[in-house]
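Numbering (numbering that gives the first Met the number 0), first residue to last: 0 to 500. A virtual CB, placed ideally from N, CA and C, is assigned to each residue, including glycine. From a predicted model like this one, the values you see are computed outputs, not experimental measurements. See structure below.
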Amino acid sequence: MLTSILQASAATLQQQLSVGEVTSVRLVQEFLDQIERHNSNGMRLNAVVSVLDRNLALETANRLDEERKHGKIRSSLHGIPIIIKDCIVTGLELGMPTTIGSHCFAKMRAKGNAQLVNQLIDGGMIILGKGNLTEFCGLKSEDTPIGWSAYKGQTLSAHRLPNVADEKQPTCGGSTSGPAVSIAAGFCPLAIGTETSGSTVYPASCCGLYGMKLAPNSVSTKGVFRLSESFDGVGVLARTPIDLALLAEIIMKKEVLSEMAPYGLTSRRVCSWAELCVGVVPNDWGVAHALEKWRREEVKRAYENVPLVLKSKGAKVKYPLGNLADGSSLSVGADNLGTVAYHEFPGKLKEFLASFEHNPGVESIADVIKWNEEHSIISLPDPYNTQTELIKSRDNDMTEDRHRELCDMLRRTALEKGVGKAMQDNGLDIILAPSDSTLVSYAAWARWPIGTVPLGRLDGVGQPFGLFALAREGREDTLLQFMFLFEETFPSPPGPTFPFE
């Protein structure tokens, strides 16, 4: 049963729990043992920064098992373990610091859990660990590798192969690297991340998973580290769309959920392709940095097969979807999503610092930069010894008027000339694009939900790849409807093998 537990969906595990085939205590034991085998040992994946104390984890699981015996089921994920990105605050009672991958934050004392952590706990879930990430969610330095943090080191893909050079190994993506790898490696069945522009859906795709960035403001971000007010949202990752739906139902704001899907997100499973109109951009759209990959024969063949299959199943399909500018065009002069985030980040950092007991040495972005300089041996180790993006954010001179003007202008551009216009002109419900593409930039500016679905693996090294799927504002339910149908139509590619040998 070991492999079946480690590679099962949360919904499958919940079914086994409900009929007494397994207990939450058993789940916790198996997942903790797998973390012990391959996080710092074995494959040395470095996916988890900190782990819930085993005794506390087993006590929590036993309590939830007892509740189940007495007919108390808190949610559809009662008794299921989860790993959350280590930029989401956990209280002292859980014994896991919140580091954002930085030594500067590692010793800070949290005042309490982030609101979404309390929602998970109230739903009967077990916070098993905190996932590694690209330090500061990618806003430390241009030379910070994806998935690397000074505090924990480099997250590695669960799809790695023996006797292959590092530069040819599969990537895990980022910045929600650890949570994605944790699912792929059998450390947990579910995970939560965050995203500014691609930070959940990209690693989910790189790890062969389903993932979704929920629209900004659809989930509480109290106690969640964010780069920006304009773009950031919470993400969910899983092996299956039903797991995404169950997890989203727990953390989304009740008023958002009730308006969108009064019968629950899982109700959209009863649907057909005939209900959807899908636009598919060309296979090389928005992937300037990954053209070689998306022009590979096996990738192009898999991609171009999608619209053909969707049509054969009764979907209305617009392919190729033309007249949609690459998402990198969303800029005005030298200003773009990055410079807006630089402007907003100092304020978001101060807001995040308020989640901790007062630390007089670290109260601003300037203090963080100084702290790193004073502790450079651990915070700025060679060769990743710069903090260029933190410095750019500290020194940004964008005025509030310019900031408002840019945000208004580029959001209008995304909606009136970009994805909004494409949706309107073609009557689309979903836009599909390669999973390395700049569709994430449109999602960020439009504040729309975006997801990813697995499509295949590269010949040779086995790097997973997939599709990004964009839905309109407030239409996470439509996005899940697409995912439910996609899973039924396109079997998921095989997962990694070495973590389970």
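Give the range of the beta strand (DSSP E) segment to which Y209 is assigned.
Y209 to K212
I need the DSSP call for P433, collapsed to helix, strand or coil.
strand
Using a Cβ distance threshold of 8 angstroms, determine whether the stretch 355-362 contacts the stretch 102-109, with at least three qualifying pairs required.
With a cut-off of 8 angstroms, the stretch 102-109 and the stretch 355-362 count as touching, because enough Cβ pairs lie within range.
Is the Cβ-Cβ distance between L132 and E388 less than 8 angstroms?
no
From the DSSP secondary-structure annotation, give me the bridge partner or partners of C276.
The partner list for C276 (beta bridge, DSSP) reads K315.
Report all residues from its chain with a CB closer than 7 angstroms to the CB of W272; omit the five preceding and five following residues, and keep chain order.
L309, K312, G313, A314 and L484
Entirely enclosed beta strand (DSSP E) segments - the stretch 460-496, minimum 3 residues
463-470
Leaving aside the five residues before and after A237 along the sequence, list all residues of the same chain whose C-beta is less than 8 angstroms from its C-beta, in chain order.
S8, A9, I182, P188, L189, A190, L208, Y209, G210, L243 and L246
Complete beta strand (DSSP E) runs within the stretch 226-308 (minimum length 3 residues, chain order)
232-237 and 276-279
Measure how close the beta-carbons of R471 and M422 come, nearest whole angstrom, since I'm counting them as under 8 angstroms.
6 angstroms between Cβ atoms; contact.
Span of the beta strand (DSSP E), counted from its first residue to its last, around T193:
L189 to E194
The alpha helix (DSSP H) spanning L389 covers which residue range?
T387 to D394
Can you tell which of P281, P448 and T496 has its C-alpha closest to the C-alpha of P433?
P281
Along the alpha helix (DSSP H) that carries T338, what are the first and last residues, could you check?
L336 to L352
Under 8 angstroms between the Cβ atoms of T195 and D231?
yes
If distances are taken between C-alpha atoms only, which option among L226, F351, F344 and V50 comes closest to G111?
Selected option, being the one with the closest Cα: F351.
Between the stretch 151-166 and the stretch 402-409, do three or more beta carbon pairs fall short of 8 angstroms?
no
Taking the Cβ atom as the reference point for each residue, do L76 and M124 lie within a distance shorter than 8 angstroms?
yes
Spell out a yes or no on whether the stretch 32-46 and the stretch 259-266 are touching, meaning 3 or more CB-CB pairs, one atom from each, closer than 8 angstroms.
no
Identity of the residue in I83, L438 and L26 nearest A531 by Cα
With the chain running from 0 to 500 in the structure shown, residue 531 is simply not present.
Is it true that the stretch 445-462 meets the stretch 161-178, where meeting means three or more beta-carbon pairs spaced less than 8 angstroms apart?
yes
So, helix, strand or coil for F186, using DSSP?
coil
Note down, in chain order, each residue of its chain lying with its Cβ closer than 8 angstroms to the Cβ of M0, except the 5 sequence neighbours on either side.
Its pLDDT being 45, under 50, M0 is placed unreliably in this model, and the value from its coordinates should be taken loosely. Closer than 8 angstroms at Cβ, skipping near neighbours: V21.
With a threshold of 16 other CB atoms inside 10 Å of the CB of T496, please say whether the residue is buried or exposed.
exposed
Would you mind reading off the limits of the alpha helix (DSSP H) that contains S23?
Counting along the chain, the alpha helix (DSSP H) containing S23 begins and ends at S23 to H37.
How close, in whole Å, do the beta carbons of V233 and L115 come, if the pair is a contact with beta carbons under 8 angstroms?
7 angstroms
Run through DSSP, which three-state label would Q118 get?
helix
Supposed contact pair L431 and L466 - C-beta distance, whole angstroms, cut 8 angstroms:
With 8 angstroms as the limit, L466 and L431 qualify as a contact, their Cβ atoms being about 5 angstroms apart.
Local conformation of L323 per DSSP, three classes:
The answer is coil: DSSP assigns L323 none of H, G, I, E or B.
Pair within 8 angstroms by beta-carbon distance, G455 and A301:
yes
Would you call the stretch 406-425 in contact with the stretch 328-342, where contact means no fewer than 3 C-beta pairs closer than 8 angstroms?
yes
Which runs of the beta strand (DSSP E) fall wholly inside the stretch 36-60 and span at least 3 residues, in chain order?
Listed in chain order, they are 47-50.
Based on the DSSP secondary-structure assignment, which residues constitute the bridge partners of Q153?
W147
Sheet register partners of P453 (DSSP bridge)
Per DSSP, the beta bridge partners of P453 are G465.
Below 8 angstroms on the Cβ atoms is my guess for T89 versus T98; work out the distance and round it to an integer in Å.
Between T98 and T89 the Cβ distance is about 11 angstroms, and since that is not below 8 angstroms, they are no contact.
Tell me the rounded alpha-carbon separation between I250 and G177.
20 angstroms
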